[in-house]
Amino acid sequence: MKLFLIGILVTASVAGLFFMQQGPNAPDTQATFRMALSSEPPTLDWSLATDNVSMRVIENLMEGLVSFDKDLKPQPAIATHWQVSEEGLRYTFYLRKDVYWSDGRALRAADFEYAWKRLLNPETASEYAYFLYDLKNATEYNGGKIDDPSKVGVKALDQHTLQVDLKKKAVYFPAMTTFVGTFPQREDLITRFANRWTEPEHLVTLGPFQLKEWQHEYRLTLTANPHYYEGRPPLDRIIFYLVEEETTALTLYETGGLDRVSLPPIAIPSYQDHPDYHHVPFLRGYYYGFNHQAPPFNNAKIRRAFSMAIDRSELPQILKGGEIAAGSWIPEGMFAHNAKIGLNFNPEKAKQLLAEAGYADPSKLPEITLSFNTDPTNRLIAQNIQAQWKKNLGIDIQLDNLEWKVYLKQLQTETPQIFRLGWGADYPDPDNFMNLFTGTSGNNYTGWANPSYDDLISEAASESLPEKRLALYDRAQRILTEEDAAIMPLFFASQNLLVNPKFEGMMLNAMDILPLKHLRPISHKGGDS
Amino acid sequence: MNLSFLIRRLLTTLPVLWLVASLTFVIMHLVPGGPFDREKKLPPEIQANIDAKYHLDLSLGEQYLFYMKGLLRGDLGPSYKYIGRDVSDVIADSLPVSMQLGAAALLIALVLGLGAGLSAAANSSSRFNHLSLFAATAGISIPNFVLGAFLILVFSHQLKWLPPALWEDSRSIILPAITLGLAPAAYIARLSRSSLMEAAAQDYVRTARAKGLSEMRILFVHVLKNALTPIITIIGPLTAALVTGSFVVEFIFSVPGMGKFFITAVTNRDYPLIMGVTLVYALLIIIANLVVDLLYTLVDPRVQLE
Chain Y
1 MKLFLIGILV
11 TASVAGLFFM
21 QQGPNAPDTQ
31 ATFRMALSSE
41 PPTLDWSLAT
51 DNVSMRVIEN
61 LMEGLVSFDK
71 DLKPQPAIAT
81 HWQVSEEGLR
91 YTFYLRKDVY
101 WSDGRALRAA
111 DFEYAWKRLL
121 NPETASEYAY
131 FLYDLKNATE
141 YNGGKIDDPS
151 KVGVKALDQH
161 TLQVDLKKKA
171 VYFPAMTTFV
181 GTFPQREDLI
191 TRFANRWTEP
201 EHLVTLGPFQ
211 LKEWQHEYRL
221 TLTANPHYYE
231 GRPPLDRIIF
241 YLVEEETTAL
251 TLYETGGLDR
261 VSLPPIAIPS
271 YQDHPDYHHV
281 PFLRGYYYGF
291 NHQAPPFNNA
301 KIRRAFSMAI
311 DRSELPQILK
321 GGEIAAGSWI
331 PEGMFAHNAK
341 IGLNFNPEKA
351 KQLLAEAGYA
361 DPSKLPEITL
371 SFNTDPTNRL
381 IAQNIQAQWK
391 KNLGIDIQLD
401 NLEWKVYLKQ
411 LQTETPQIFR
421 LGWGADYPDP
431 DNFMNLFTGT
441 SGNNYTGWAN
451 PSYDDLISEA
461 ASESLPEKRL
471 ALYDRAQRIL
481 TEEDAAIMPL
491 FFASQNLLVN
501 PKFEGMMLNA
511 MDILPLKHLR
521 PISHKGGDS
Chain V
1001 MNLSFLIRRL
1011 LTTLPVLWLV
1021 ASLTFVIMHL
1031 VPGGPFDREK
1041 KLPPEIQANI
1051 DAKYHLDLSL
1061 GEQYLFYMKG
1071 LLRGDLGPSY
1081 KYIGRDVSDV
1091 IADSLPVSMQ
1101 LGAAALLIAL
1111 VLGLGAGLSA
1121 AANSSSRFNH
1131 LSLFAATAGI
1141 SIPNFVLGAF
1151 LILVFSHQLK
1161 WLPPALWEDS
1171 RSIILPAITL
1181 GLAPAAYIAR
1191 LSRSSLMEAA
1201 AQDYVRTARA
1211 KGLSEMRILF
1221 VHVLKNALTP
1231 IITIIGPLTA
1241 ALVTGSFVVE
1251 FIFSVPGMGK
1261 FFITAVTNRD
1271 YPLIMGVTLV
1281 YALLIIIANL
1291 VVDLLYTLVD
1301 PRVQLE
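Chains Y and V, in that order, give the protein sequences.
So for the first sequence, the working numbering puts the first residue at 1; every next one is plus one.
So for the second sequence, the working numbering puts the first residue at 1001; every next one is plus one.
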């Protein structure tokens, strides 16, 4: 029947050609901000969203217990404050009493309890359920080992108090409640509208904007929420257009159709002196991993030699996007970043290490292949690294590129000798980056496991004194990138943007979180209440 | 019109669609990688929950039967990428846009192609003939991403006459429709020129001339009608291809059509969406070919539908 209905659309659609809507360049008396999204948001259900595009929209529709300030420091949002028990296992969040959903109903602590349990419910099948695995019994409930959600460590004590019990001390926990998956939800509406609850006619939110229109595959329109607890935002409207091609977005910006775009790499050098240009660091690392399970990279000396034979400063020069060359792993802009850590470029020492490993003659090494997923930037980097190893070590390596999903499958089943991967921050804490390479991490494709490293990461996660925590992460980073050279960090990424100077208050940050509630047109300053 | 022919043809549609669905199902599962493989690997508990939700924990044979049962009910299943949306919703949202764009491109292709073909055939030894032949060859050879970028540069950047992208008003359709329609126009021009010239050399045309009919009447009444058969033959699959969208053109001009799903559904391993767009495409090809067969009887009375 649905196929038949689609057939009927054949006729109807041609007729629709002449009834298209008013254009974007029509005079607009409202304070409207227009920007591009790189694809259709896969979902606006914040229990299921995993991608940056969906998050970008949700972050302007909703808020959680805690939000980040411009320096990515957690600050109270819906929670006015919170208390931590002496042993660090119980958090009690106290909620504001003036927060209302867009249908007029007051927010309740039970809305958080419902949302968190829904995230962990196996039937929801949320990919980011592990964000709440620090809660007592969360992993067991999500994994189906217990059926009773009341055993999960989250409980609404009354209308405005939420109690959270953790299974282990996690000093970063308040920062995790900035994540969209922890935002409150309305059980009544989700039960009533099922999969359709995120459509504009049903979606009820409590953030600075509300969803007015969602024309799938094309655009979303958000309008100011007059009931927002911080007051109505200065912007009347945000329009997100779905523009996948970066050069098309740039053309639209240049012709006045958009107010903010990300620059495609090829265009960055031409715009670096442009008054609208902004360069912002990004909490995203790019690294090459070694397969430790097979020769030759089961030998730390060889891994160190390969890492030391790379002059990482060449990479920002060829990529031209303001990347930060790095031999360490915790990115710039994050607590415990230490640029002094990492193996420095030293080709002589690298050759010596190879000789010590029994390969004074590099031609005796087995054939080595560097694998990456198909992408022009990845290829450019791989070719540079290939040339540097040839020049500095006299080693010929082969390059192998694969389509993304095929590449991921190969990482899981037949890990290449050297492989490319990246990691972007889920929350701005070093635990998110360093946990990646523990022996039990599912994202550690290297096959490397070092109990000392694992102990340091575990200890750092529960250490509340910043100085001690810093020292623990320094030590762990030295093991990861110098002593064991388990991976070879290359650089930290950056964002390159154009923003219409007619707007002020754009909050640019290293997490690429984009709250637009403080944004205002410069000629429109009297808009908020 | 032969009703039994129509019924027979419509009945043969079902096994064709079943074959297309089965082959697509097998081929897409042969490709390595799964829909929920991510850069950030999922914990096993979460992977198990997702597999159970989308029935990916069943054997491949069971998944096939599950899908086919749904298909018999007209249910194309949920998209794995666009969570909470059925594949039929995704297609219903995007196919009308592709059809609008495809219809406009087809119109351009037919008007320009037939016009150029007719002019060239009518002036077979003139400079115009050579010029149109050159233009048609160039039209086929220029990739549409080059043509699209060129049109944006001239008409949006320089002249500022037309929007460079988006799908806001009736002006938005012009550049993508030209980009999409020019190559088929060139193809139709070449085909119609040679077909018209072949028909013009037939004895009945000489007879018509001997009877003193005007050249215009000979061209439009005697030559064109008899030269249409090969053109109609290609219009069927061409229509199906144009109205289901073009990845490149939709990408360049940010058109919210269905064409992109032929690529992105595969790269995302969105199995139900791959099946959905393939079946819609197959269905449209079948319908277009049926219409072509019916049109044959109109232009050539010798053709009998049996």
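The C-beta atom is built at its ideal place from N, Cα and C for all residues, glycine as well.
Residue contact with chain Y for Gly-1148(V): absent (no Cβ-Cβ distance below 7 Å to any residue of chain Y). At least one C-beta of chain Y is nearer than 7 Å to the C-beta of Glu-1045(V). Annotation for Pro-122(Y): Asn-142 and Gly-144 place their beta carbon closer than 7 Å to its own, counting only its chain and skipping 5 residues before and after. Residues of the stretch 29 to 55 of chain Y that bring their beta carbon within less than 7 Å of a beta carbon in chain V comprise Glu-40, Pro-42, Thr-43, Asp-45 and Leu-48, in sequence order. Between Met-35(Y) and the set Glu-187(Y), Leu-211(Y), Leu-252(Y) and Asn-195(Y), the nearest pair of CA atoms involves Leu-252(Y). Here the alpha carbon of Phe-1005(V) sits roughly 10 Å from the alpha carbon of Leu-1290(V). Bounds of any alpha helix (DSSP H) do not take in Asn-373(Y); it lies within the beta strand (DSSP E) bounded by 368 to 373. Excluding sequence positions up to five before and after Asp-236(Y), its CB lies within less than 7 Å of the CB of Gln-30, Ala-31, Thr-32, Thr-223 and Ala-224, all in the same chain and listed in chain order.
Around the C-beta of Ile-78(Y), 16 or more other C-beta atoms lie within 10 Å, and the residue is accordingly described as buried.
Under DSSP, Val-280(Y) takes part in a beta bridge, and its partners are Gln-495(Y). Taking 8 Å as the upper bound for CB-CB distance, Asn-338(Y) and Met-308(Y) are not in contact here, some 18 Å apart. Scanning chain V for C-beta atoms nearer than 7 Å to the C-beta of Thr-221(Y) yields nothing, as the closest lies near 13 Å away. When DSSP states are grouped into helix, strand and coil, Arg-237(Y) belongs to the strand group. When rounded, the separation of the alpha-carbon atoms in Glu-314(Y) and Leu-393(Y) is 17 Å. Between the stretch 1160 to 1172 of chain V and the stretch 1223 to 1234 of chain V there are fewer than three C-beta pairs closer than 8 Å, too few to call the two in contact. With a cutoff of 7 Å on beta-carbon distance, Lys-517(Y) and Pro-233(Y) are scored as near each other. Ile-190(Y) and Tyr-1271(V) have their C-alpha atoms roughly 26 Å apart.
The contact set of Gly-1033(V) on chain Y, defined by CB atoms closer than 7 Å, consists of Lys-405, Val-406, Leu-408 and Lys-409 in chain order. The beta carbon of Thr-43(Y) sits closer than 6 Å to those of Ala-49 and Ser-54, all from its chain and outside the five residues before and after it, given in chain order. At a C-beta separation below 8 Å, Gly-442(Y) has these neighbours in chain V: Lys-1041, Leu-1042, Pro-1043 and Pro-1044. Here Leu-95(Y) is bridged, per DSSP, to Ala-79(Y).
The residue among Ala-360(Y), Ser-452(Y), Pro-362(Y) and Leu-408(Y) with its C-alpha nearest the C-alpha of Phe-372(Y) is Leu-408(Y).
Per DSSP, Trp-214(Y) lies in no alpha helix (DSSP H); the unbroken beta strand (DSSP E) holding it starts and ends at 209 to 215. Classified as exposed, Met-1216(V) has fewer than 16 neighbouring CB atoms from the shown chains inside 10 Å of its CB. Residue environment analysis places Arg-1127(V) among the exposed positions, since fewer than 16 neighbouring C-beta atoms fall within 10 angstroms of its C-beta.
Residue pairing for Val-261(Y): DSSP places it in a beta bridge opposite Leu-498(Y). Between Glu-332(Y) and Pro-281(Y), the C-beta spacing is below 7 Å.
Ranked by Cα distance from Arg-312(Y), the options Ala-294(Y), His-292(Y) and Leu-343(Y) are led by Leu-343(Y). Residues Ala-1104, Ala-1105, Leu-1106, Leu-1107, Ile-1108, Ala-1109, Leu-1112 and Leu-1242 of the same chain have their beta carbon placed closer than 8 Å to that of Gly-1181(V), with the five preceding and five following residues left out of the count. If you compare the alpha carbons of Ser-126(Y), Asp-103(Y) and Gln-417(Y) with that of Leu-206(Y), the shortest gap goes to Asp-103(Y). Contacts with chain Y at 7 Å (Cβ-Cβ) do not include Gly-1276(V).
Looking only at Tyr-228(Y), Ala-156(Y), Pro-265(Y) and Ala-493(Y), the smallest Cα-Cα distance to Pro-376(Y) is reached by Pro-265(Y). Distance from Leu-1273(V) to Val-1090(V) at the Cβ level is roughly 6 Å; contact confirmed, criterion being Cβ atoms closer than 8 Å. For the stretch 88 to 170 of chain Y, the full-length alpha helix (DSSP H) segments reaching 4 residues or more read 109 to 120 and 138 to 142 along the chain.
For the stretch 205 to 232 of chain Y, residues whose beta-carbon sits nearer than 9 Å to a beta-carbon of chain V comprise Gln-215, His-216, Glu-217, Tyr-218 and Arg-219. Counting the other Cβ atoms within 10 Å of the Cβ of Lys-117(Y) gives 16 or more, which makes it buried.
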